[in-house]
Each structure stands twice: as structure tokens, then as C-alpha cells.
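Novice: Everything in the first sequence is counted per this note's numbering, starting at 634 for the first residue and increasing by one. We put the CB at the ideal spot given by N, CA and C, even for glycine. If you're wondering where the values come from, they're calculated on a predicted model, not measured in any experiment. Okay, handing you the structure first.
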Amino acid sequence: MESKSFAQKVYELTRRIPRGQVSTYQSIARAMKKPGASRAVGNALNKNPFAPKVPCHRVVRSTGEIGGFASGPKKKAAMLAKEGVIVKRKCVDLSRYLYDFKTKR
DNA sequence: CATATGACACTAT
DNA sequence: AATAGTGCCATAT
634 MESKSFAQKV YELTRRIPRG QVSTYQSIAR AMKKPGASRA VGNALNKNPF APKVPCHRVV
694 RSTGEIGGFA SGPKKKAAML AKEGVIVKRK CVDLSRYLYD FKTKR
């Protein structure tokens, strides 16, 4: 029985993304056993009631493109760059910065 | 319950 | 490579 809402799970996962790394909408959708819900993930993050609490700016598209952002995708790119993620033409190198939720620490 | 919306993904052109 | 069309899923109305 899922006591937690879909969006709730999205926040929990997004919250784990360490500084200097990123994740994708699809990766998050998969992590919650709902592959294909990548769009719904974006919707949840768009609401993002836990603004600074959840690093939603660390979530990009599966293609590496920055994607959207409530305050403007430009802002998103700037924040990422500030955290150490190299953003080239609104894109990031997923093979380098993608965070694996299975990673133990 | 039906329709519309959107911080996505994939395929075809 | 860039654009358009289609599919997908969770919410809002």
C-alpha cells in the first residue's frame, strides 16, 4: 500500500542526488518502478514544494539536455555549473555526472 | 468519468 | 543535425 504519493517519492529520490552530480527524469521514474513516467516526474518537480530542500536543478533530460526549470532553464544551468557540473550548450555529460541511485555509500 | 496540461522520451522525416 | 509527430504518465479542472 503506497501511503506515499507519486510526487512524494520523486522528492525523496531527488533529495539524494549529491552536489556536483545529476540525474534524469527517466532514471528517477525507473527508480520508482514506473518506467515511462518521466513526464510525470517532471510535473512533480515543477510543483516542488520543497524548493531548496530538493535539488531539482540536478535533474536533467535523458539526452543530457538541461530541460526545463520553473525559474528558467538558464538559471538551472548556472546552478549546475556552480556545483561543478560542466554545462556545454545547455547539455551535460551524463556518462560523467549521472548519479546512480543504487550507489551505496 | 472526460479533457487538458506539462521541468519527458522515442521515432520518423 | 534539427523539427515534428506520437506515446506515456500523474495531476488539475
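Can you tell me which of the three DSSP states S704 falls into?
Specialist: S704 falls in the coil class under three-state DSSP.
Novice: Per DSSP, what kind of secondary structure is S656 in: helix, strand or coil?
Specialist: Strand.
Novice: Please work out which residues of its chain come closer than 6 Å, Cβ to Cβ, to R652, disregarding the five sequence neighbours upstream and downstream, and give them in chain order.
Specialist: Excluding positions up to five away in sequence, the list reads E716.
Novice: Less than 8 Å separating the beta-carbons of T580 and V692?
Specialist: Outside the shown range of the chain (634 to 738) lies residue 580, about which nothing can therefore be said.
Novice: Tell me whether the beta-carbon of K707 lies closer than 8 Å to the beta-carbon of H690.
Specialist: Not in contact: K707 and H690 (Cβ atoms no closer than 8 Å).
Novice: For the alpha helix (DSSP H) holding Y644, just list the boundary residues, first then last.
Specialist: It spans F639 to R649 - the alpha helix (DSSP H) in which Y644 sits, taken as one unbroken run.
Novice: Alpha carbon to alpha carbon, what distance is there between G669 and S704?
Specialist: Whole-angstrom Cα-Cα distance: 25 Å.
Novice: Should G697 and V725 be called a contact, given that it needs their Cβ atoms to be closer than 8 Å?
Specialist: For G697 and V725, yes; Cβs fall inside 8 Å.
Novice: In terms of residues, what are the limits of the alpha helix (DSSP H) holding V674?
Specialist: That run of the alpha helix (DSSP H) goes S671 to K680.
Novice: I'd like the span of the alpha helix (DSSP H) that includes L731, first residue to last.
Specialist: Here L731 belongs to no alpha helix (DSSP H), and DSSP marks it neither H nor E.
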